[in-house]
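Undergrad: One structure coming up, written as structure tokens, with questions to follow.
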Amino acid sequence: MGVFASRVFQALQRFSSGGNIRVLLLGLDAAGKTTILYKVKLNETVYTIPTIGFNVESLSPVKGLNFIVWDVAGQDKFRYLWRYYYTGTQGLLYVVDSADRVRLEEAREELLTIIKSPDMERVPLVVVANKQDMTEALTTSEVADGLGLREITDRKWYVQGACAETGDGIYESMQEMARLVKEVYKK
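So for the sequence shown, the numbering used here puts the first residue at 674; every next one is plus one.
Below, the structure is given as structure tokens:
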């Protein structure tokens with residue numbers, strides 16, 4: 674755990690300069706979080722192994738706005754660590770595997786746990802309904818219903834259909850996050 678804490682501290686120091694928007698990229702394992710992160714960062718599809726710990730990257734989804742995106746492991750055994758990343762978060766990108774109907778309730782429970790945290794109060798939410806290229810994928814409306822989003826009234830939220838491998842909807846998710854962050858935190 675000492676190496677982990679050291680890595681977190683170093684990353685925080687490196688990315689704590691002003692003008693940056695801290696965005697958490699969370700979701701269940703195999704939802705496509707890391708693929709999305711590197712599709713936006715590198716503009717290419719990167720095939721990944723399950724994340725152990727986290728990835729952190731700087732992205733500029735719109736001119737004049739810089740996101741520091743924290744992509745945190747989604748496996749069940751690591752989810753208890755998510756809460757340590759909440760402080761200072763200004764945007765939440767929550768990735769859902771739209772083709773995995775069986776785990777939608779689990780995704781809902783995890784999302785509700787996240788947004789109930791006092792550290793996540795008012796943080797805008799963009800749900801990325803990933804894997805829309807799959808024939809069995811739920812629509813964005815079905816994902817919104819399955820996650821119970823219509824009952825969430827304490828924050829701005831949006832659902833974007835996407836396919837991480839092709840990039841469809843990915844850039845739009847980032848642009849929507851930028852719009853919501855500007856709206857919520859306008860000075």
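Using N, Cα and C, we set each Cβ at its ideal position, and we do this for glycine too. The structure displayed is predicted, hence computed values, not measured ones.
Shortest alpha-carbon distance to G764 belongs to which of F740, D749, G692?
TA: For the purposes of this step, residue 764 is identified with residue 91 of the sequence shown, where counting begins at 1. Among F740, D749, G692, the Cα nearest to that of G764 is on F740.
Undergrad: Of all the beta strand (DSSP E) runs that stay within the bounds of the region 727 to 797, which reach a length of 3 or more residues?
TA: Runs found: 727 to 735, 738 to 745, 764 to 770.
Undergrad: Using the Cα positions of E783 and K736, report the straight-line distance between them to the nearest angstrom.
TA: Looking up residue 783 in the sequence shown gives position 110. Looking up residue 736 in the sequence shown gives position 63. Roughly 32 Å between the two C-alpha positions.
Undergrad: From Q805, E778, I825, pick the residue whose C-alpha is nearest to that of K623; which is it?
TA: In the structure displayed, the chain extends from 674 to 860; residue 623 sits before or after that span and is not available.
Undergrad: Applying the criterion that 16 or more other CB atoms from any shown protein chain within 10 Å of the CB defines a buried residue, is K695 buried or exposed?
TA: As a working note, residue 695 is residue 22 in the sequence shown. The question names Lys, but residue 695 in the sequence shown is Arg. Buried, because 16 or more other Cβ atoms sit within 10 Å of the Cβ of R695.
Undergrad: Tell me which residues share the same chain as R776 and place their Cβ nearer than 8 Å to its Cβ, disregarding the 5 neighbours each side in the sequence.
TA: The residue you call residue 776 lines up with position 103 of the sequence shown. Cβ neighbours of R776 beyond the five flanking positions: L701, D770.
Undergrad: Is it true that the CB of Y767 sits closer than 9 Å to the CB of V742?
TA: The residue given as residue 742 occupies position 69 in the sequence shown. The residue given as residue 767 occupies position 94 in the sequence shown. For V742 and Y767, no; Cβs fall outside 9 Å.
Undergrad: Straight-line CA distance for G692 to V719?
TA: Your numbering for residue 692 matches position 19 in the sequence shown. Your numbering for residue 719 matches position 46 in the sequence shown. So the alpha carbons of these two residues sit roughly 28 Å apart.
Undergrad: Give me the Cα-Cα distance between V713 and L820, rounded to the nearest whole angstrom.
TA: If you number the sequence shown from 1, residue 713 lands on position 40. If you number the sequence shown from 1, residue 820 lands on position 147. Roughly 25 Å separates the two Cα atoms.
Undergrad: Rounded to whole angstroms, what's the CA-CA distance from E815 to A703? Just pull it up for me.
TA: As a first step, residue 815 is located in the sequence shown; it is residue number 142 there, counting from the start. As a first step, residue 703 is located in the sequence shown; it is residue number 30 there, counting from the start. Rounded to whole angstroms, E815 to A703 spans 20 Å at the Cα level.
Undergrad: What first and last residue would you give for the beta strand (DSSP E) that runs through V700?
TA: Working through the sequence shown from its first residue, we reach residue 700 at position 27. Sequence check: residue 700 is Gly here, not Val. G700 -> beta strand (DSSP E) spans 693 to 700.
Undergrad: Strictly by DSSP, which residues pair up with V799?
TA: Translated into positions along the sequence shown, residue 799 becomes position 126. V799 pairs with L766, Y831.
Undergrad: From G747 to K859, what distance separates their C-alpha atoms?
TA: Against the sequence shown, residue 747 aligns to sequence position 74. Against the sequence shown, residue 859 aligns to sequence position 186. Distance between the alpha carbons of G747 and K859: 31 Å.
Undergrad: What residues match up with D841 in a beta bridge as DSSP calls it?
TA: Walking along the sequence shown from the start, residue 841 turns up at place 168. Paired residues: C836.
Undergrad: What do you reckon, are the CB atoms on L715 and V745 nearer than 9 Å?
TA: Numbered from its first residue, the sequence shown carries residue 715 at position 42. Numbered from its first residue, the sequence shown carries residue 745 at position 72. Contact flag unset, no.
Undergrad: Rounded to a whole number of angstroms, what is the C-alpha to C-alpha distance between M850 and G842?
TA: Residue 850 sits at position 177 when you count from the first residue of the sequence shown. Residue 842 sits at position 169 when you count from the first residue of the sequence shown. M850 and G842: Cα-Cα distance of roughly 12 Å.
Undergrad: If contacts are defined as beta-carbon pairs under 8 Å, then A708 and T724 qualify, I think. What distance do you get, rounded to the angstrom?
TA: For this step, residue 708 is matched to residue 35 along the sequence shown. For this step, residue 724 is matched to residue 51 along the sequence shown. The sequence as given places Thr at residue 708; Ala does not occur at that position. With 8 Å as the limit, T708 and T724 do not qualify as a contact, their Cβ atoms being about 11 Å apart.
Undergrad: Where do the ends of the alpha helix (DSSP H) carrying D818 lie?
TA: Position 145 of the sequence shown, counting from 1, holds the residue named residue 818. Residues 813 to 820.
Undergrad: Under 8 Å by Cβ, that's how I've got I787 and W755 pegged, so tell me the actual separation to the nearest angstrom.
TA: Walking along the sequence shown from the start, residue 787 turns up at place 114. Walking along the sequence shown from the start, residue 755 turns up at place 82. The Cβ separation is near 7 Å, so the contact holds.
Undergrad: Could you tell me whether the Cβ atoms of T839 and D806 are closer together than 9 Å?
TA: For this step, residue 839 is matched to residue 166 along the sequence shown. For this step, residue 806 is matched to residue 133 along the sequence shown. Contact: yes.
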